[in-house]
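Report on the following structure.
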Amino acid sequence: MSGIDVHQHLWPEPLLELLAARTTPPCARWDHGVWRVSIPGEHDFLLPPHSGEPEDRAQAVRDAGLRRALVALSSVWGIESLPASQARPLLDAWTDAIAALPDELGGWGAVSLDQPDPAEVDHVLDAGAVGVCLPASALADPVGVERVLPLLERLESRLAPLFVHPGPAPWRGHPAATVQAAWWLPTTRYVHDVHDAWHAFAAFGRPALPRLRVVWSFLAGLAPLHAERHAARGGLAVGATDPLSFYEPSSYGPRALRQIACAVGTGQLVHGTDAPVVQADTDPWSGLGTDALLLARGDNADRLLGTAWVAA
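Residue numbers (my numbering): 15 to 326.
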């Protein structure tokens, strides 16, 4: 077995039980044999069966022929953006779950954004997290980048990566869905926020954080394809050629992945599936071939995680 999936999710039972004790979103309830999660401004989300069982997920990793999968607490739920006193028990439950994961699973840490504190980064990394996942809205403009800069600086100093995933920030929340369709926000607001975050980080984050490794969920909403326009309008021309920014293709197919590969190079692509949320009908790697997939799962993922030797 070889290779890493950098984007999966896991919702352990202790976390869901804490959410079940809440009366306002994010909250959860047991509904006819499945967990129903209410998310601020979004439609309810029904958790796939066994999505909270680490051993079941570890078996799925083995069945997929992978060495490991990295699981995240979905930032879309808005836990990181709650007032610190409300977020703390939920985040602690997630950190405890990371510490107890089987070898086939690694965890992205989650920290409170109410009053960003670098000590929380230390706490989750010391508990075994491979890095920290932040919601894209937290990085979606210069003000946001400045507010989370202490967290990013601590990540950089600890040589740990950042995972940018859709989700709200306390200072830049999401409006409620205006279209009654489950696909609406994932294909509009999520993409918009990650797209904004990519541009903001390239312009205002990267100059201050030259050594921070970053992985962007779902190809950063195809933001690298806009690098030429970014430069033409006076922006920095470095975003698409950043050797420390990586991209995973969950929710996209072979056409989009080929275009991003042309923009950033196959050396910046990593494997991510968003399992068990997304069950893809098409293989995004079919347009690039087996060698590109093996590179993404192997050497590229190791470079992202800082476990590969790279010549100076």
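Positions of the beta carbon are idealized from the N, C-alpha and C atoms, including for glycine.
Measuring alpha carbon to alpha carbon, tell me which residue in S52, I53, A133 is nearest R172. The shortest Cα separation from R172 among S52, I53, A133 belongs to A133.
Cβ-based neighbour list, P68, same chain, cut-off 8 Å, excluding 5 preceding and 5 following: If we look at P68 and ignore the five residues flanking it on each side, its Cβ neighbours are L24, P26, A111, A114, L115, P116, L119.
For my contact list, L236 and A270 are in at a C-beta cut-off of 8 Å; report their separation, rounded to the angstrom. Distance from L236 to A270 at the Cβ level is roughly 6 Å; contact confirmed, criterion being Cβ atoms closer than 8 Å.
Can you list, in chain order, the residues of its chain with a C-beta nearer than 7 Å to that of A98? Leave out the 5 residues immediately preceding and following it. Cβ neighbours of A98 beyond the five flanking positions: S126, D128, Q129.
Start and end residues, alpha helix (DSSP H) containing I112: Per DSSP, I112 belongs to the alpha helix (DSSP H) from 98-113.
Alpha carbon to alpha carbon, what distance is there between R227 and G145? Roughly 10 Å between the two C-alpha positions.
Considering G158, what are the terminal residues of the alpha helix (DSSP H) in which it resides? It spans 156-171 - the alpha helix (DSSP H) in which G158 sits, taken as one unbroken run.
Separation of V178 from H285, as counted between CA atoms: Looking at the two C-alpha atoms, the distance is approximately 15 Å.
On the DSSP letters alone, give me the boundaries of the alpha helix (DSSP H) that Q73 sits inside. Counting along the chain, Q73 sits inside the alpha helix (DSSP H) bounded by residues 68-77.
Specify, as a first and last residue, the run of the alpha helix (DSSP H) that Q212 falls within. Residue identity differs from the one stated: residue 212 is Trp in this sequence, not Gln. For W212, the enclosing alpha helix (DSSP H) has its first and last residue at 203-214.
Would T321 be called buried (16 or more neighbouring beta carbons within 10 Å of its own) or exposed? T321 comes out exposed.
Suppose contacts are defined by Cβ-Cβ distances below 9 Å. Is I93 in contact with L84 by that definition? No. Outside cutoff.
Cβ atoms of A277 and L239: under 9 Å apart, would you say? In this structure, the beta-carbon distance from L239 to A277 falls below 9 Å.
I'd like the list of long-range same chain contacts for Y204, defined as Cβ closer than 7 Å, with 5 residues on each side in sequence excluded. Non-local C-beta neighbours of Y204 in its own chain, meaning closer than 7 Å and more than five positions away in sequence, comprise P180, ordered along the chain.
Please name the residue in L29, D140, P164 whose C-alpha comes closest to that of L61. For L61, the nearest C-alpha among the options comes from L29.
Beta carbon of G219 nearer than 9 Å to that of L153: L153 sits close to G219, with the two beta carbons spaced by under 9 Å.
When the distance is taken between beta carbons, is F215 closer than 9 Å to V159? It is a contact, given that the beta carbons lie within the stated cut-off.
Out of L308, R225, V208, point me to the one whose CA is closest to P257's CA. Nearest in C-alpha terms to P257, of all of L308, R225, V208, is R225.
Would C147 pass as a contact of S89 if the rule is Cβ separation under 9 Å? Inclusion of C147 and S89 in the CB contact set at 9 Å is warranted, their separation being smaller than that value.
Would you say S95 and A183 are within 9 Å of each other, going by their C-beta atoms? Yes; because the gap between Cβ atoms is below 9 Å, this pair is in contact.
Once you ignore the five residues that flank A124 on each side, which residues in its own chain have a CB closer than 8 Å to its CB? Listed in chain order, the non-local C-beta contacts of A124 below 8 Å within the same chain comprise A86, L87, S89, I93, E94, L105, W108, T109, V138, V146, C147, local neighbours out to five positions each way being set aside.
With distance defined between alpha-carbon atoms, name the residue in A245, D288, G281, T280 nearest to H266. Reading off the sequence shown, one finds Tyr at residue 266, where the question assumed His. Comparing alpha carbon positions, the residue from A245, D288, G281, T280 closest to Y266 is D288.
Considering Cα atoms alone, identify which of D313, D131, T280, D19 is closest to D77. Checking every option, the nearest Cα to that of D77 belongs to D19.
Would you identify the three-state DSSP class for H179, choosing helix, strand or coil? Note: H179 maps to strand in three-state DSSP.
Closest Cα partner of L166 within the set A195, D131, R186, A196: Residue nearest to L166 within the set A195, D131, R186, A196 is D131 (criterion: CA-CA distance).
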